[in-house]
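Under the working numbering, the residue at position 270 of the sequence shown is numbered 267, and the numbers go up by one with no gaps. From the three backbone atoms N, C-alpha and C, an ideal C-beta is built for every residue, glycine too.
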Amino acid sequence: MDKERKRKRASDDANEQDGSASEKKQLHLETDDTKSGDTTPKEGKVFNDSVHGHIEMHPLLVSIIDTPEFQRLRFIRQLGMCYFVYPGAAHNRFEHSLGVSYLAGELARSLQGKQKHLKITQEDILCVEVAGLCHDLGHGPFSHLFDESFLPRVRPDYNEKHEKLSVDMFEHMLKKNNLREKFMDHGLTDIDITFIKEQIVGVGAKQVKAVRNDVPEEGSGELAISKDELLTIIKQSERPDFLHVRNDEGETGLVSISLIEEVWPYKGRDKEKSFLYEIVANKRNGIDVDKWDYFARDSLYLGISNPFDWRRYLKFARVLDATDGMQICTRDKEITNLYDMFHTRYTLHRRAYQHRVNKILEAMIVDALIAANDHLLFAGKDGKMTKMSEAIDDMEAYSKLTDHVMWMILTSTDKKLDKARQLIDRIMKRDLYICVGQTQLKKNVQSNETPSKLVSQLIDIKKEDSEREIYDLLNREAKEKIAPDDIVVHIASYSYGMGEKDPVEHVKFYPKSDPSVTVEIRKLIDRDSMALPRQFSERCLRVCMKQSNIQCVSWVKEAFIEWCDDKNLRAKPGEFSADMTLTNKPRRSDEMKWEAGRASRQLDYDSTPLSRNSQTDSYQ
């Protein structure tokens, strides 16, 4: 009997080992290192992701993940200070990057499987996955707060975004961890590395080549000029056949329109594979896997619904040769689903990313970082101690910057950090800057198409100008107690991703009857349909007060109401309890009278911005 049990146990152990070996074998992803002479297959890895489930990562991706530069993303919150508003929003850039890499591979493989003639190679797919994995390497503390709010204050001359920093960090990571050799081992070349970086950072305005050799007196040669600039010149020209052109380098020449051609701006892949540049960061219309992941991930942890299903999009995604190159298109019946996707972006910005309290928290953290900038130093190249504002020029120092700077300040005993520490202490005690009021930056104007109809138009107001103008409206007593920088204005912008433009108009569709033909949206739908949005952007101006003194807040509130009246805007003043928290108490009679007076001078709106129709649900 004991022998029988032992025999059975030995058989079970053998089966378990076979199963384990079989499982490991599935992760050996075509990675024989023949160049280095090492024929031992390198393992990939399976990650159990909270959004996408079990996702398999190529061994090269694992090599990137297992570097300090990538692991740093574990300590940068995806939504920055939003975690202090939504307790569930504790996810980080690390897992988002894994998700984007996974989705990039899924989309590329889907296109490869459906359209063999595109000649999508395994190297193409791997490059797209690497780009997705590394696209956020350059984020600083608290994600977008660092490059969009902190850097403009301390480095006004620096105009780059986190994408440029991602490329810088990518190059630093390759060099420091000797990864270039691993790239070569997996069949990737320097051209492929260039392709990866191009996907991350993109390019600026499209360039066109203008050939001058048809004009003898001007000599021969070529000019590179932006496409938008050239179109402007064509519209203004008195000679539509020949144009006098000056490019950014100051070169000039007469150009024949017949000899103008668009210059392909990328070096990593030819124009025949232009669609590959639309997978990770789609500059054409914004439909890319970066959004797919953060829509799904952010919605999950924020508790906000996300109606967009990227798997359905994959079913209908096809690459077609449109008038402006090879691009990813979708079925005509997917129009409303795309509008739902872009509306998800609007909803996330309105309810979370640009939430009133979130922007107040961001303003306080930025003030704290600025106060600490000269006193909080990080070791950079050759051990040089570097300020946060200068770390962007030294990736060794920048790789040490994470959200942890907040705790470094809070727990420091350095007297020089007192001001920064007090601001963070206020956050911990929920003693926040006070929102004294807000207003929609819009006005009613006559429609160009139907003069009898009023439409809402956005008003362009600068943050710095409005702060100064509101301060100037304070009385003398108020100015003695309130400093100009005590008033903080934030202009929130909610859109579908392309300002006031409709991003779906930049998408090409194909009909079921002929999947090889592209069709534009205007030929498929009625723009007056109740199912479609009427507007694609709205802006809201909020005024906050750094002091919590009730009298000072009241003075700023009165100045804000007067400022709105001067601008013909409708103010929405805040009501505050004794502890200065925002309440829902009814407005005072004087404010109700003021509102009634405003109504006599300004027509009311019959629909809200971005609502699908005035007779349907409002998205306010």
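When DSSP labels each residue in this structure, what does residue i get in the three-state scheme?
i	result
Lys356	helix
Arg531	coil
Asp321	coil
Arg595	Model confidence at Arg595 stands at a pLDDT of 46, short of 50, so the residue's coordinates are unreliable and nothing is read from them.
Ala105	helix
Asp329	helix
Ala293	helix
His51	strand
Leu57	helix
Arg74	strand
Lys543	coil
Lys280	coil
Val316	strand
Ala480	coil
His487	strand
Asn334	helix
Tyr274	helix
Ser140	strand
Asp46	strand
Tyr350	helix
Tyr507	strand
Ala87	coil
Ser146	helix
Leu536	In the sequence as presented, Leu is not what sits at residue 536; that position holds Arg. Arg536: strand per DSSP, three-state reduction.
Lys569	strand
Asp603	Here Asp603 scores only 35 on pLDDT, less than 50, and its place in the model should not be relied on; the value that follows carries that caveat. Correct three-state label for Asp603: coil.
Asp576	Because the pLDDT of Asp576 is 43, which lies under 50, any placement of that residue in the model is unreliable, and the number read from its coordinates should be weighed accordingly. Correct three-state label for Asp576: coil.
Val501	helix
Please identify the residue among the options whose C-alpha is closest to the C-alpha of residue i.
i	options	result
Asp391	Val501, Asp165 and Ala365	Asp165
Arg152	Ile389, Asn472, Lys280 and Arg348	Ile389
Ile458	Ile488, Tyr430 and Glu477	Ile488
Arg567	Gln437, Val486, Thr515 and Pro84	Gln437
Asp121	Leu104, Tyr507, Val553 and Asp462	Leu104
Gln196	Leu273, Arg71 and Asn175	Leu273
Gly322	Asp267, Asp511, Asn472 and Arg294	Asp267
His503	His372, Tyr336, Val540 and His114	Tyr336
Met425	Lys172, Trp307 and Tyr80	Tyr80
Gly135	Tyr99, Met78 and Lys397	Lys397
Ala376	Glu555, Glu387, Asp318 and Glu359	Glu387
Glu464	Lys554, Lys569, Glu269 and Ala369	Lys554
Gly494	Arg342, Glu157, Ser146 and Gly85	Arg342
Leu311	Leu58, Gly102 and Ala368	Gly102
Ser296	Ile276, Lys270, Leu345 and Ile332	Leu345
Gly137	Phe292, Leu148 and Gln435	Leu148
Phe557	Thr410, Gln532 and Tyr468	Tyr468
Ile513	Tyr430, Phe313 and Ala368	Inspection of the sequence shows that residue 513 is occupied by Ser rather than by Ile. Closest by alpha carbon: Phe313.
Gly77	Pro56, Arg177 and Leu142	Leu142
Asn334	His169, Arg309, Pro262 and Asp63	Arg309
Lys330	Lys460, Ser146 and Val501	Val501
Less than 9 Å between CB atoms is the rule here; does residue i satisfy it with respect to chain D?
i	result
Ile362	Going by chain labels, chain D is absent from the structure shown, which holds only one protein chain.
Are there 16 or more other CB atoms within 10 angstroms of the CB of residue i, so buried, or fewer, so exposed?
i	result
Lys179	buried
Thr327	buried
Trp289	buried
Ala87	exposed
Ser47	exposed
Ile421	buried
Thr320	exposed
Thr118	exposed
His132	buried
Pro304	exposed
Ile190	buried
Gly110	exposed
Thr408	exposed
Gln324	buried
Ser98	buried
Arg315	buried
Can you give the beta carbon distance from residue i to residue j, rounded, assuming they're within the 8 Å contact cut?
i	j	result
Arg74	Asp400	6 Å
Lys505	Glu517	7 Å
Val485	Val82	About 17 Å; that fails the 8 Å criterion.
Ile362	Met403	7 Å
Asp144	His159	5 Å
Arg539	Lys356	7 Å
Lys384	Asp364	So it is not a contact: roughly 16 Å between Cβ atoms.
Between residue i and the ligand ZN, is the CB less than 8 Å from at least one heavy atom?
i	result
Asp499	Among the components modelled here there is no ligand, and therefore nothing to report on the ligand ZN.
Write down every uninterrupted run of the alpha helix (DSSP H) in the region 149 to 196 whose length is 4 residues or greater and which is fully enclosed by it, in chain order.
159 to 173 and 176 to 182
Counting only runs that start and end within the region 363 to 444, where is the alpha helix (DSSP H) found for 4 or more residues in a row?
392 to 395, 402 to 408 and 415 to 425
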